[in-house]
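For the record, the sequence lines run as chains A and B. Residues 22 to 391 (our numbering) are what the first sequence spells out, left to right. Residues 205 to 560 (our numbering) are what the second sequence spells out, left to right. These notes concern the structure reproduced below.
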Amino acid sequence: MNVDDRRIAICQRMAAERLDCVVGIHDGTHFIETHNPVMVLSSFKSLGPAAAVLDRVGALTLIVTPAWDAERARGGCPTARVVGADDIVEALGRELGSIAGRAKMAISGLAAVSWAVASRIASAFPGVPSADAILFDATMTKTGDEIAYARRATRIAEHAYQRMLEIVRPGLSEDELAAELCWYTRTLGAEDNFLLLCSGPHNRAVQPSNGRRMQAGDIVLAEITPSFRGQLAQICRTVVLGHAGDALRRNYDLVIEAMNAGIQAAVPGTPMSTVCRTINSVFEARGYGKYCHPPHIRRRGHGLGFASNQPGDVSLDNNTILAPNMLFMIHPNQYLPETGYLLCGEPIVITESGADALTAKQAALAQIAV
Amino acid sequence: MPKAEFLSRIEELWIEFPSASGAIVYGDSRHHAELAYLTNFTPKLEPALALISRFGPPQLLVGGGANMLAAAKPLTWVEKLAPLRNSGSVVAQWVSEVTPSSSPKARPVLIGSKSAPWALHQQIFAPLGPEVVDVTLALHRRMRRKSPGEIRALSDGCTSLNAAVVALVDAHGSGADVSTVVLAAEHAARRCGAQDIRSLFSLDGGRTLHPLTATVDYPVEALQVYLAVRQLGYWVEGFVVSTNAASPTLTRTQDVLRSAITSVRPGRRCADLARMIADGIMPLAAHPVTAKECGSSLGLMFGGPLRLSADSDDTFAAGDVLSIRVGAANERGGAIVSTVVAVQDVANSVLWPASR
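So, in structure tokens, the structure goes:
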């Protein structure tokens, strides 16, 4: 599938729901947990708040802020009519003003923008239904480009992990390590990196880094999540500063076993919840069932945006049926009482026969001589 | 910042809103300037709410579950942390607890509430009713005036910005390709302790600006770059042109910028400065990037509440820290230069120099 195919699918859905246009709105702050309907419709990653309007015959208007970014938008989305604006809501009003009240429209992305923006849009276009399902159902599977970009992002992540192994040491602060890795992924072509990196003798969760200086014996957790051309990929890794004791090695083997079981279970036609259940069963069989639920664990993986996070979380309540070209993370990432939180995870793409990890080298517990 | 500074900021809030029973402050990973201003806390993943009562210790509700509290603790002076759960009922309960029996109509004020997503806003703030007002704009007026500690933080940011520019000019001067030049600047800032750095650059003589989303493996002679650095939570920014060639457009923008620096003084209207800059670059046209705004205040928010534009109603005041930009366009592209200035009663202090 390519982006044109996706747009055709959206238009078909619009026709079925007798919609004249769908509008995507985004606030320009690109966050791993938030869908971006503007990117879904245009593949353009904006600098500021942006909107995209797709009509029923597939014509696209892209509204970008700040206004001076319009020329870059034209280059990035050559098939769209681009409008530069200073206020996204006013610009949307101008674009849609002539058809509001006559045309049937739906809006995607309102839930994620601020109340200040959402309330102005709701006021300007009262009673307009949500287009979230229309847009994001069409993104359950990735385009060929998105998968290719995810492969590039995965390679970048793996190189960054290698760099991490070269430089991590007691005395280095989490922030210093994180800053270096973020910059390093930039040198490899990543335009962004959602990095979670933390350390401690017994981590309760993986968290953003702070100024804590790492010490011998620490377990360092890293979710390295670079973005290549707007497509995220992620690897989850665990490093111990020093020698890994028996409990740590045993527990890490367990999380690897759980991850591999999940990857084996991820076949087309299977509900996503089965993948989660399979991972949980590995821990439950060893008596860790209590730790398979909040507050210890929320999900066993997730989709990878920035445009769309479909097919959603690897969780017990997600019954999305897996299909070829779905892309998501499988990461057990489990808290275990003897050792604390441990990370392992790979980005996988569903194929006709199962799941392929995008990584060249699977997670393994790394030990750094100190 | 020392805890005393935050307590002082909160005290000023009560002076401005003498009938407020407290303050409910919202922040998330995207909008957190006000929350950081009052609690030092910057949410990284899930949102956070500060419940600051007039009497008694404040509490910080942190999203992400109980396991995130340990990570949040070092990032704030607030000692009472709890998970952000059932926020609507928790907030409603807190509001009733902080309402003094002697003033049953007293209400808390809201700060940052309009930045919350719709669903969260409906859950937490809408049920409080219209008599609970959002006073974010009033806090922004206070946030404009920087304390000595804040000016030190901004100065640190400018030191990192300067290091970035030095690295940029050195790399550019050595003939490096654009990606290498921009990344050298970013690396230099990171090594100085920058928490975040954003960059834009031009490949067409300064006409348009682009983020680094793909490798640019060739050099350009005159390289226009924009850098924004976040350090200790505070943002600074700078526009610079690295070139060896003579450029009348660049020279004009630099001359106008020097005049602008000396003309900023407390009480002067921002609109007058904007018009002075626009007049100064004539007959050249204003650069599209700076045509509507020739600067803004700097601080915890990216692009602060004070905007330097011809239609601004604001005036400068001692304590403002500004980014002043001068941009001009020509047939080959254009040039933008900028400076960071701390406005003072006697003589302004240039925290970051004008273009090199």
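Cβ atoms here follow ideal geometry from the backbone N, Cα and C, with glycine treated the same way.
Compare the beta carbon distance of I315 of chain B and G410 of chain B with 8 angstroms and say whether it is the shorter of the two. no
Which residues of chain B have a Cβ atom closer than 7 angstroms to the Cβ of D107 of chain A, listed in chain order? K496
Length at least 3, wholly inside the stretch 408-437 of chain B: the beta strand (DSSP E) runs in chain order: 427-435
Who are the Cβ neighbours of D381 of chain B in its own chain at under 7 angstroms, not counting the five residues just before and after it? V420, D421, Y422 and P423
Determine the direct distance from the alpha carbon of A418 of chain B to that of G537 of chain B, and round the result to whole angstroms. 22 angstroms
Determine whether the Cβ of Q355 of chain A lies closer than 8 angstroms to any Cβ atom of chain B. no
Would you say F221 of chain B and L242 of chain B are within 8 angstroms of each other, going by their C-beta atoms? no
From A227 of chain B to S300 of chain B, what does the alpha carbon distance come to, in whole angstroms? 13 angstroms
Take T86 of chain A as the anchor and find which of A:A72, A:G79 and A:G96 has the nearest alpha-carbon. A:A72
Beta carbon of A254 of chain A, beta carbon of A178 of chain A: below 8 angstroms? yes
In the DSSP output, which residue or residues are listed as bridge partners for D400 of chain B? B:R434
Extract the residue ranges of the beta strand (DSSP E) inside the stretch 68-124 of chain A, only unbroken runs of 3 or more that lie entirely within it. 71-76, 81-85 and 102-105
Which same chain residues, not among the five before or five after R349 of chain B, have their C-beta less than 8 angstroms away from its C-beta? A521, A522, G523 and D524
Going by Cα to Cα distance, which pick from A:P150, A:I371, A:A132 and A:F157 is closest to G165 of chain A? A:I371
Leaving out five residues before and five after R560 of chain B in sequence, what residues of the same chain have Cβ atoms less than 7 angstroms from its Cβ? Note that R560 of chain B has pLDDT 43, beneath the 50 cutoff, so the model's placement of it is unreliable and the number below is only indicative. Excluding positions up to five away in sequence, the list reads V369, V373 and V444.
Under 7 angstroms Cβ-Cβ, which residues of chain A neighbour E390 of chain B? W204 and R207
Rounded to the nearest angstrom, how far is the Cβ of C474 of chain B from that of T519 of chain B, given a contact under 8 angstroms? 7 angstroms
Answer yes or no: does any C-beta atom of chain A fall closer than 8 angstroms to that of W281 of chain B? no
Amino acids of chain B, ordered along the chain, whose beta-carbon sits closer than 7 angstroms to that of T50 of chain A: R234
Alpha carbon of I214 of chain B to alpha carbon of S233 of chain B, nearest angstrom: 22 angstroms
Does any residue of chain A bring its CB to less than 8 angstroms from the CB of G538 of chain B? no
Residues near A133 of chain A by beta carbon distance below 6 angstroms, same chain, minus five either side: T55
Here's the rule I'm using: 16 or more other beta-carbon atoms within 10 Å means buried, otherwise exposed. How should S230 of chain A be labelled? buried
Starting from P452 of chain B, trace the alpha helix (DSSP H) both ways and give me its first and last residue. P452 to S467
According to DSSP, is Q285 of chain A part of a helix, a strand, or is it coil? helix
Reduced DSSP secondary structure (H/G/I, E/B, other) of E390 of chain B: helix
Contact set between the stretch 307-325 of chain B and chain A, restricted to residues whose Cβ is under 7 angstroms from the partner: K318, S319, A320, P321, W322, A323 and H325
Based on DSSP bridge pairs, tell me the residues matched to Y230 of chain B. B:L253
Give the single residue among A:L348, A:H314 and A:A344 whose Cα lies nearest to the Cα of D338 of chain A. A:H314
Which residues in chain B sit within 8 angstroms of N231 of chain A, going by Cβ to Cβ distance? A275, P278 and L279
Against chain A, with Cβ distances strictly below 8 angstroms, would N271 of chain B count as a contact? yes
Can you tell me whether T100 of chain A is buried or exposed? The criterion is at least 16 other CB atoms within 10 Å of its CB, across all chains shown. exposed
Using three-state DSSP, classify F443 of chain B as helix, strand or coil. strand
Any residues in the stretch 106-130 of chain A with a beta carbon nearer than 9 angstroms to a beta carbon of chain B? Which ones, in chain order? D107
Using only the alpha-carbon positions, how far apart do S463 of chain B and L255 of chain B sit? 46 angstroms
Using a Cβ cut-off of 8 angstroms (strictly closer), state whether A450 of chain B contacts chain A. no
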